[in-house]
Amino acid sequence: MSTSLIAMGVAAFMVINLVVGLAALSLLFGTFETLFGKPKINLLKSSKSGNVFAFGFKWNSAKEPAALDTIRLRLFNPFGTPTQVEVSKPFETKKSSFAVEVDMGPGLIELLGAKGFDHATMQIEVVSSKDGVVFQFDMKGSKFKKLVFDANQTIAEYIAQNKLDVKKTSKSPIDIPVRSFIADTVPGRGPALKMATNPVFAGEFAGASGSAAGAAVAAGPAAENFKIAKVWIEPGCIVCNACEDIYKDVFEVLADTCIIRPNAPLDDGLRMQEAAEACPVEVIKYTIAS
Ligand code: SF4
């Protein structure tokens, strides 16, 4: 066997060893982090401005099982004004590592605007109201502010980076009743609200009063369609999928919220109204084109 062949064999052997070694190390450290890593919170970039607080939270849910459902921000500001601010809001229950954004209301602005904030102490608590578990993180106000304003990783990026299985980890804290008023698929439209004012079902309400005249009263005249100027989702979506079931071209339900698809059609106001009326938490808002 020639010397060059032996050299190539040795080089290939070393390369394979290197690759296997690196893979084993990354697996080892990933597992180590999962099993023994401390709970960790990351402040994330929120999709909306204002009072919305976005964060990702990782913990070993096998070792410390908890159904986390509340975020609490506390400011201890003994040398400033106000001396204490606390803002607490619920979110969809999470049983393993997750990322969410929560509308904290005007309290967040009051907290960030406190005089002496930079020297105050901020406490972030991720809480399970049912299990009494609290994960607490303390930091200086200046550090908190920097983390909030410098956050540039989105929730989607955090979920992808940490390979979070968002479907398995979520359970809504609100029991959503089965909406029997959502009808079976209407040909060419998908599911729709079964109600008298929906022209698709106008005929079905005819029998309610037992006469043709009564039918007109029950169903009313078929509503005229209209165009939408703008549609948006306010904070508080509980990802129930109702809007997407009704108007898939407009609404896209993500892991933690619902968004309006880019270039969503705005020419079917009746259907938009139907989706808004089906939203159990009434966060779908729209304005009618003039
Ligand atoms: S219907 Fe409302 S709560 Fe349900 S996914 Fe749509 S926006 Fe969210």
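Mapping the sequence shown onto the working numbering, position 187 (from 1) lands on 203, and the numbers just tick up by one. Positions of the beta carbon are idealized from the N, C-alpha and C atoms, including for glycine. Note that the structure is predicted; figures quoted are calculated from it, not measured.
Asked, Found
"Contiguous alpha helix (DSSP H) assignments of at least 4 residues, all confined to the region 80 to 120", "none"
"Three-state secondary structure (DSSP) of residue 61", "strand"
"Nearest-angstrom beta carbon gap, residue 84 and residue 110 [assumed within contact, 8 Å]", "5 Å"
"For residue 255 and residue 269, believed in contact at Cβ under 8 Å, the rounded distance", "6 Å"
"Nonlocal neighbours in the same chain, by C-beta distance under 7 Å from residue 302, ignoring five residues either side", "244, 246, 247, 288 and 292"
"Status (buried if at least 16 other CB within 10 Å, exposed otherwise) for residue 192", "With a pLDDT of 43 at residue 192, under the threshold of 50, the predicted position of this residue should be treated as unreliable, and no value is reported."
"Residue 154 versus residue 241 - alpha carbon distance", "54 Å"
"Backbone secondary structure at residue 247 - three-state DSSP", "strand"
"Per DSSP, cross-strand counterpart(s) of residue 160", "Beta-bridge pairing links residue 160 to no other residue."
"According to DSSP, residues forming a beta bridge with residue 170", "61"
"Start and end residues, beta strand (DSSP E) containing residue 274", "274 to 276"
"Buried or exposed by the 16-neighbour rule on C-beta atoms within 10 Å, applied to residue 304", "exposed"
"Residue closest to residue 173, alpha-carbon to alpha-carbon, out of 278, 71, 25 and 285", "71"
"As assigned by DSSP and simplified to three states, the class of residue 70", "strand"
"CB of residue 131 within 8 Å of CB of residue 120, strictly", "no"
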